[in-house]
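Contents: one structure, followed by commentary.
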Amino acid sequence: MSSEQKSQNKAPSGSVDSGITLINPHRKISWSDQANVKHIENATRRTSSGQTLRNEDSELFPEEGNGEGLQSAPTQETQHSQKSKEELQHESHISNLRESVGLPDELPIAEQHEETEHFNWPTFRLIFREPLAEFFGTFVLVLFGNGSVAQVLLSGRQASAPGGDGYGSYQSINWGWGVGIFFGIYIAGDSGGFLNPAVTLGFCLFRGLPWRRFPIYFLAQFLGGFVASGVVYANYINAIDQFEGHGIRTVAPSPTATASIFCTYPQPFLSKTSQFFSEFIASAILMFAVFALKDDSNPGAMGKTGAGALFPLGLFFLIFGLGISFGWDTGYAINLARDFGPRLMSYILGYGPGVWSAGGYYFWIPVVAPFCGCVFGGFLYDAFIYTGPESPLNKKWWGLKELYENSRRHPESKRLEKSRYEA
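In the working numbering, the protein residues as written are 1347 to 1769.
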């Protein structure tokens, strides 16, 4: 056999019996058996996972064309990841709009839905997703809560009801508010599930929620309660007419008053101090318990992120318990969005100025007391239990120096900082 035939029969140093060249045969590198095996295993793994099988040396020897024909077409995932300049500009525009209303600039959207971003409604939803979540979460909370009050009150004269004393009792109202907070938090989970301006304030003060989000969350929560009370009224308008008389709308202490369907009114024997304290202490317990359930360093909170998926259930029992223990005196509003929004709606619907003057102008107490109570409850938890870095109470001078420095910082430098808060 000639030397030429021997050279033809001799396998190249970088080839295998399958006939597929895995490395460039012209590259004069001495491969050990172990390196060859490892190289083959890597190539097999790449092909089995759907990746392109091509010569790793093709960049060094582009003229050789090794692996040509084995390289698959770009996958759909790769095509989607390559965004056009127009798409990037669109995303930048949305991010700027979100930041201008105090929301994080990251777009809350799954990648597989990016093709819908250029339509008007998906764009609006991208910009205001968190406030919309707060709106609908509060909407559901008030819908269940006020709906339960309406059914218990308006069906009280129904002898045909089980037991002959109407469809429900005071416990039914506690169940209604508990179920409302349970599903409301699930709905508003993307935004943090605050559903209460006073709770939102507590997270701004003690958990690093950016202050710029507070106004838009406040507005969303207020509108959620306002709209939900209108829906409850529309659902029970005929029952209200039957209960009070057609077109008649009254406020406590009238024996047929139905204004309490929408907002809270105090017992007539309470002093102003007692009215305020009842709302204050219930709100403080609310904030204290919420921080406990959200504390990832609390073993009793069950999980690395606090109560996690059980957080709505924990809030269900918390609201139920507050109603059982603190509901009689003032109706345990503990939430401006749950009380002031529906109160304004009842005024618009014809209940008159009595919604403001009843109880010695009680209306301001469910507005102010929850903020004071939640701040106090959050302070107590952080002062005596919480050890996380987010709380200003765990910083030098209680974070007052940092707060002062942040207030003097240039807006551009603030924009470049990433928010430490995770909703």
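A virtual CB, placed ideally from N, CA and C, is assigned to each residue, including glycine.
>> Out of ILE1440, VAL1701, GLY1570, LEU1661, which one is the CA nearest neighbour of ALA1603?
In response: Comparing Cα positions, the closest option is VAL1701.
> Straight-line CA distance for SER1624 to PHE1666?
Replying inline: The straight-line gap from Cα to Cα measures roughly 16 angstroms.
>> With the cut-off set at 9 angstroms, would you say PRO1699 and TYR1708 are in Cβ contact?
In response: For the pair PRO1699 and TYR1708, the CB atoms are not nearer than the 9 angstroms cut-off.
> Between the C-alpha atoms of TRP1743 and PRO1614, what's the straight-line distance to the nearest angstrom?
Replying inline: TRP1743 and PRO1614 have their C-alpha atoms spaced approximately 44 angstroms apart.
> Out of curiosity, what's the CA-to-CA distance linking SER1759 and ARG1558?
Replying inline: Summary for SER1759: the model assigns pLDDT 47, below 50, so the residue's position carries little reliability; its value from the coordinates is reported in the next sentence. SER1759 and ARG1558 have their C-alpha atoms some 15 angstroms from each other.
>> Tell me the residue span of the alpha helix (DSSP H) that contains VAL1555.
In response: The amino acid at residue 1555 is misidentified as Val; the sequence shows Leu. Element bounds for LEU1555: n/a, residue is neither H nor E.
>> Quick check on the DSSP output: the alpha helix (DSSP H) that includes GLY1677 runs from which residue to which?
In response: From DSSP, GLY1677 is part of no alpha helix (DSSP H); its letter is neither H nor E.
> Mind checking LYS1640: buried by the 16 CB within 10 Å criterion, or exposed?
Replying inline: LYS1640 comes out buried.
> Apart from the five residues just before and just after ILE1680, which ones in its own chain have a Cβ nearer than 6 angstroms to its Cβ?
Replying inline: Taken in chain order, the residues that qualify are ALA1628, SER1629, LEU1632, PRO1716.
> Less than 9 angstroms separating the beta-carbons of TYR1516 and PHE1540?
Replying inline: Not in contact: TYR1516 and PHE1540 (Cβ atoms no closer than 9 angstroms).
>> Which complete alpha helix (DSSP H) runs does the region 1597-1666 hold, if anything under 4 residues is left out?
In response: With a minimum length of 4 residues, the unbroken runs of alpha helix (DSSP H) contained wholly in the region 1597-1666 fall at 1618-1640.
> Can you tell which of PHE1528, LEU1500, VAL1636 has the C-alpha that lies nearest to the C-alpha of VAL1578?
Replying inline: Per the Cα distances, LEU1500.
> In angstroms, rounded to a whole number, what distance separates the CA positions of PRO1757 and ALA1638?
Replying inline: For PRO1757, the predicted model reports a pLDDT of 46, less than 50, meaning its position is unreliable and no value from the coordinates is stated.
>> Quick check: what's the CA-CA separation for LEU1668 versus VAL1573?
In response: LEU1668 and VAL1573: Cα-Cα distance of roughly 25 angstroms.
> Which value, in whole angstroms, describes the spacing of the CA atoms of LEU1449 and LEU1555?
Replying inline: Cα to Cα, the separation comes out at about 10 angstroms.
> Once you ignore the five residues that flank THR1596 on each side, which residues in its own chain have a CB closer than 8 angstroms to its CB?
Replying inline: The beta carbon of THR1596 lies closer than 8 angstroms to those of GLU1590, THR1602, ALA1603, THR1604, ALA1605, TYR1697, GLY1700 in the same chain, with the five residues before and after it left out.
> Apart from the five residues on each side of it in sequence, which residues of its chain come closer than 6 angstroms, Cβ to Cβ, to PRO1561?
Replying inline: Answer for PRO1561: no residue qualifies.
>> Quick check: the Cα distance between LEU1478 and TRP1521, rounded to an integer number of angstroms?
In response: LEU1478 and TRP1521: Cα-Cα distance of roughly 25 angstroms.
>> Can you find the residues in the same chain that come closer than 6 angstroms, C-beta to C-beta, to GLY1576, ignoring five residues on each side of it along the sequence?
In response: Answer for GLY1576: MET1691, listed in chain order.
> Is DSSP giving LEU1695 helix, strand or coil here?
Replying inline: Residue state for LEU1695 is assigned as helix, using DSSP reduced to three classes.
>> Just verifying my parser: in three-state terms, what is the DSSP assignment at PHE1474?
In response: PHE1474 carries a coil assignment under DSSP once its states are collapsed to helix, strand and coil.
> Can ASP1728 and PHE1568 be called in contact, C-beta distance under 9 angstroms?
Replying inline: In this structure, PHE1568 does not lie closer than 9 angstroms to ASP1728 by Cβ.
> How many angstroms separate the CA atom of PHE1529 from the CA atom of PRO1658?
Replying inline: Going by the C-alpha atoms only, they are around 7 angstroms apart.
> What residues in its chain sit with their C-beta under 8 angstroms from that of ALA1534, if we drop five residues either side in the sequence?
Replying inline: Taking C-beta separations shorter than 8 angstroms and ignoring five residues to either side along the sequence, the partners of ALA1534 in its chain run ALA1479, GLU1480, PHE1482, GLY1483, THR1484, PHE1540, LEU1541, following chain order.
> Where does ILE1731 sit, in a helix, a strand or coil, going by DSSP?
Replying inline: In the structure shown, ILE1731 sits in coil (DSSP, three-state: anything other than H, G, I, E or B).
> Does the separation of the CB atoms of GLY1538 and ALA1683 fall below 9 angstroms?
Replying inline: The Cβ atoms of GLY1538 and ALA1683 lie no closer than 9 angstroms to each other.
>> Which residue wins for smallest C-alpha separation from PHE1634, given the options GLY1548, TRP1523, SER1441, LEU1739?
In response: The option with the nearest alpha carbon to PHE1634 is GLY1548.
> I think PHE1622 touches PRO1688, with their Cβ atoms under 8 angstroms apart; what is that distance to the nearest whole Å?
Replying inline: Not really, about 20 angstroms apart at Cβ, beyond 8 angstroms.
>> Between THR1610 and PRO1543, how many whole angstroms is the CB-CB distance? I'm expecting something under 8 angstroms.
In response: Actually they are not in contact, since the Cβ atoms of THR1610 and PRO1543 sit about 16 angstroms apart, beyond 8 angstroms.
> Between LEU1489 and ILE1527, is the Cβ-Cβ spacing less than 9 angstroms?
Replying inline: Note that the C-beta distance between LEU1489 and ILE1527 is not below 9 angstroms.
> Taking just the CA atoms, how far does ILE1440 sit from LEU1399?
Replying inline: Note that LEU1399 scores a pLDDT of 45, beneath 50, so its modelled location is shaky; the value from the coordinates is reported in the next line. Take the alpha-carbon of LEU1399 and the one of ILE1440: they are about 39 angstroms apart.
>> Mapping the DSSP letters down to three states, classify HIS1756 as helix, strand or coil.
In response: Model confidence at HIS1756 stands at a pLDDT of 47, short of 50, so the residue's coordinates are unreliable; what they give is reported in the following sentence. Coil.
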